[in-house]
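Following: one structure in C-alpha cells, then a few remarks.
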Amino acid sequence: MLTIKNLLHQYRTGRTTVRRRLTELYRAASEAPAGIWISLISEAQLEQYLARLERLPPDSLPLYGIPFAVKDNIDLAGIPTTAACPAYAYTPERSARVVELLVEAGAVPLGKTNMDQFATGLVGVRSPYGVTPNRLAPGYVAGGSSSGSAAALAHGLCSFSLGTDTAGSGRIPAAFNELVGVKPSRGLLSTRGVVPACRTLDCVSIFALTLEDAEILLEATAEFDPEDAYSRAAPKVNPLPRRWKFGVPRDEELEFFGNCAYRDAFSRAVRRMEAAGGKRVTIDFAPFLAAARLLYEGPWVFERYAAVGGFIESHPGAALPVIETIITPGHTPHPSEVFRGMYRLQECKAKADAELAKVDLLLTPTAGTIYRIGEVEADPIRLNSNLGYYTNYMNLLDYAALAIPAARAGKLPFGVTLVGRAFDDGRLLEAARRFRLAEPYTVAVCGAHLAGMPLHSELEELGACFLGSAETAPRYRMYALEKGSVPKPALLRTEKDGTSFYVELYELSENAFARFAARIPPPLGLGMLELRDGSRVPGFIGEAAAAECGRDISGFADWRAYIRTCTKSEWKADSHAETNAV
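This note's numbering applies: residue 21 is where the sequence shown begins, and numbers increase by one.
What follows is the structure, given as C-alpha cells:
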C-alpha cells in the first residue's frame, strides 16, 4: 500500500529504493486510463527529483520520496497550468507555495490532474481532457472538480494528491473514491499559485489514503504565508472533550434525492458515531442551507467572473458551454446586491454559529447521492447542484471539514463529512479516528437468526441493523443440527458439489459482535463466508463433525424452505431457551 508510513518504511529498511519505486509509478501513470492526468512531468524532471533524493538518506526528510499528484489549477514549476482549458494555459516558473513546502519535505510531484474546467463543477465530466473514471463505481461520476486528483490516488498512482475546494470540490471526489478529503480552514494552507475560483473562499485541499497520512500532510502544509493576503495563522485549538456531542440535521432537512441506500448508509454512520462515544444532537440545518444557496444564487457567482470571466469573454469558444453559462451570466445585478448578499450571509452565519455552538462538530453525508455519467450529461446544472447540498455552505460560513469513507451504500461508495469551526481541523481528525475505531462488523446468518425465525430477537436486542439479503458462493453444503430446543444449520465449505444458500447480512457494533460470537456452540464456529459476488463476511460455519451428526439438507438452498417441511413442534421454541443458534 502506498501510504506514507509504509513507503517510508520500505525506503528506510532497504526493501526498495526511491528510484525503483518512483520509476514504477511514473510508468504506471503514463499508462493510466484516460481522464485522470492532463500532463505528467518529463523524465528529465523526474531525474532531477531522484538525483536530489539519492544524495540524502531516506530518514532525512519527513516525506522522502513520497509521490503525489497536483490538480491542474495549482502551479507546478515548469509544467503548464491549464485549469482544464487549453487556451488558458501558462507555464509558471515557480510552484504554488503548498507544492514548494511538500517538495522541500521530500515529496515528488508526478504530474497535473484533470478537473472540472476552472474548478466549476462537482462531477468530473466538465473537461475537454475527458471524463474522469471512477475505479470503484464504473459508469458513475468520480466527483469534481478535483476529479483527477482523487482518481489518481484511487487508482494507486500516488500516495496523496492536492485539490482545491470552494464549494465541495475536495470532499465530493473523496466520498466517491473512498478517500480521506481534508477541506482545511480558510487560509490555513496558502493559495498563492492557485488559479482562483472565488478567491475569498478558495482552499487547497488534500486527498489521503488514511487519517494518519492526512494529519502528516496537514502538518507539512499548514503554514502562514505572508505573500498570500488570505493566509491566516492557526490559533491553538482545544482537543475533543471527553464527553462530546455531534450535530445531525433534522430528518426533514436530510436530502438523499431518492437514494434509499444512501439514506440507510447515513443512518448507520450516525449509530457508528454514537458507538464512538459521541452524543447525537438534532440541529436546525436551515441556516446552513440558506447560506449554501447564496454561493450560486447570490453575488458570489460574480467572484468567479472576477477570476476568469474576462478571459472567457475575450476567447469565445474557449470554455465549455456549461462553464461559460455559469461564469458569465446574462445579467448584471445592481452593485447594491453585493451588500445585500453580505448582509444575508451574516444573518445565516449568526444562526448557523448558534447551532454549531450546541455541539462539538456536525456529521452530515458528504453527498446525498451519486449519479451515473449519462444522467449528469443529460441534466448537468440541476444534478450538479444536488451534489452540493451538504457542501456549498462550508467556506461561506468559514468552517473546517473532513470527508471520510463510511460503510458502502449497497455496492456504491459513500462518505460522511465532519464539520467544525474555523481551525477545528485537528479536532475533526481526532473525531474521525474515533469513528474509525468504532467500525461496525457485518455478520451473515442463515438459520434461526433470520427474520421471522425464533432467535431473530437476539439480533434486535443487540441493536443489529439489517443490511440486506445475499447468497453464498456455490461452495457450501448445509447440514441440519436438530439436537436441542432450536434446530440450527451448519455450512461446510466443499470444493465439489457445492450449493449457494440464502443469507441475511446484519451490522453489529464491535461489542455486540463479540457478545453474539461468544454464544456459538460446537460444532459451529466463526469463519469468513464467501458470498456470490466474491466478497467475504464473518459467518457461522460448521466443523467437520457437523456432517457426521447433522442431516444434509443442501437441496433446500434456504433454511426457511427446510423449516417449512418440519412440524412446528420440531423447530418452534422460545427464543430465550437456547441462545446459540445461527
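We put the beta carbon where it would ideally sit given N, CA and C, even for glycine.
Cα-Cα separation between residue i and residue j, rounded to whole angstroms
i	j	result
Thr302	Ala452	19 Å
Ser169	Glu317	28 Å
Pro474	Leu208	57 Å
Pro193	Pro433	10 Å
Pro494	Glu239	50 Å
Pro543	His469	17 Å
Thr211	Arg556	44 Å
Asp245	Pro216	17 Å
Ile226	Glu357	34 Å
Arg313	Glu51	41 Å
Cys218	Ile347	11 Å
Pro558	Gly545	10 Å
Pro153	Gly467	41 Å
Met21	Leu156	17 Å
Leu457	Ala327	43 Å
Glu395	Tyr160	9 Å
Glu590	Pro509	Its pLDDT being 46, under 50, Glu590 is placed unreliably by the model, and the measurement read from it follows with that caveat. The alpha-carbon atoms of Glu590 and Pro509 are separated by roughly 14 Å.
Ala484	Tyr526	6 Å
Tyr496	Ala581	17 Å
Leu28	Ala538	40 Å
Ile24	Thr230	9 Å
Phe88	Pro129	5 Å
Ile471	Gly297	Before going further, note that residue 471 is Ala rather than Ile in the sequence given. Each residue's Cα considered, the two are about 29 Å apart.
Cβ distance (whole Å) where residue i is taken to contact residue j below 8 Å
i	j	result
Arg300	Val268	6 Å
Pro319	Cys368	Actually they do not touch by this definition, with Cβ atoms about 14 Å apart.
Leu42	Gly85	6 Å
Arg535	Thr386	32 Å between Cβ atoms; not a contact.
Leu448	Leu383	Not confirmed; about 10 Å, so no contact.
Leu634	Leu528	The question about residue 634 has no answer here: the residues shown for the chain are numbered 21 through 602.
Ala139	Ser181	Not confirmed; about 15 Å, so no contact.
Glu198	Pro425	4 Å
Gly34	Lys91	Gly34 to Lys91, Cβ: 34 Å. No contact.
Gly163	Ala195	7 Å
Leu549	Thr492	6 Å
Asp380	Pro261	7 Å
Span of the beta strand (DSSP E), counted from its first residue to its last, around residue i
i	result
Cys485	485-491
Thr302	298-303
Phe4	This structure leaves residue 4 out entirely; the chain is present only between 21 and 602.
Ile635	For the chain, the structure presents residues 21 to 602; residue 635 sits outside this window and is missing.
Thr437	435-441
Glu524	522-528
Pro53	It is not in any beta strand (DSSP E) - Pro53 carries neither H nor E in the DSSP assignment.
Glu550	544-550
Met21	From DSSP, Met21 is part of no beta strand (DSSP E); its letter is neither H nor E.
Lys369	No beta strand (DSSP E) contains Lys369, which is instead part of the alpha helix (DSSP H) from 356-376.
Given residue i as reference, the closest of the options once Cα atoms are compared
i	options	result
Tyr499	Glu198, Asp517, Gly570, Gly545	Gly570
Phe443	Ala253, Ala310, Gly518, Ala327	Ala253
Ser520	Ile540, Asp578, Ser505	Asp578
Pro158	Arg392, Ala534, Val202, Pro507	Arg392
Ala370	Ala326, Ile390, Leu422, Ala310	Ala310
Val118	Thr111, Leu407, Leu96, Phe138	Leu96
Ala565	Leu512, Ala295, Ser574	Leu512
Pro541	Glu524, Ile561, Glu530	Ile561
Tyr413	Leu237, Arg32, Arg441	Arg441
Buried versus exposed call for residue i [16 or more other C-beta atoms within 10 Å across all chains shown]
i	result
Asp185	buried
Glu344	buried
Val38	buried
Ala374	exposed
Asp603	Here the chain has residues from 21 to 602 only, and residue 603 is not among them.
Glu568	exposed
Gly213	buried
Ser595	Low confidence applies to Ser595: its pLDDT is 35, below 50, so where it sits in the model is not reliable, and the reading given next is rough at best. It counts as buried.
Lys256	exposed
Ala64	exposed
Lys68	As written in the sequence, residue 68 is Gln, which differs from the Lys given in the question. Label assigned to Gln68: exposed.
Phe359	exposed
Ser205	buried
Gln137	buried
Gly430	exposed
N- and C-terminal bounds of the alpha helix (DSSP H) containing residue i
i	result
Lys25	24-32
Ser50	38-50
Glu294	280-295
Thr133	From DSSP, Thr133 is part of no alpha helix (DSSP H) but of the beta strand (DSSP E) over 128-133.
Ser251	Per DSSP, Ser251 belongs to no alpha helix (DSSP H) and is neither H nor E.
Leu448	445-457
Ile613	It is not possible to answer for residue 613, since the shown part of the chain is limited to 21 through 602.
Ile192	192-196
Closer than 8 Å to chain C by CB, residue i
i	result
Ile99	No chain C is present in this structure, which holds just one protein chain.
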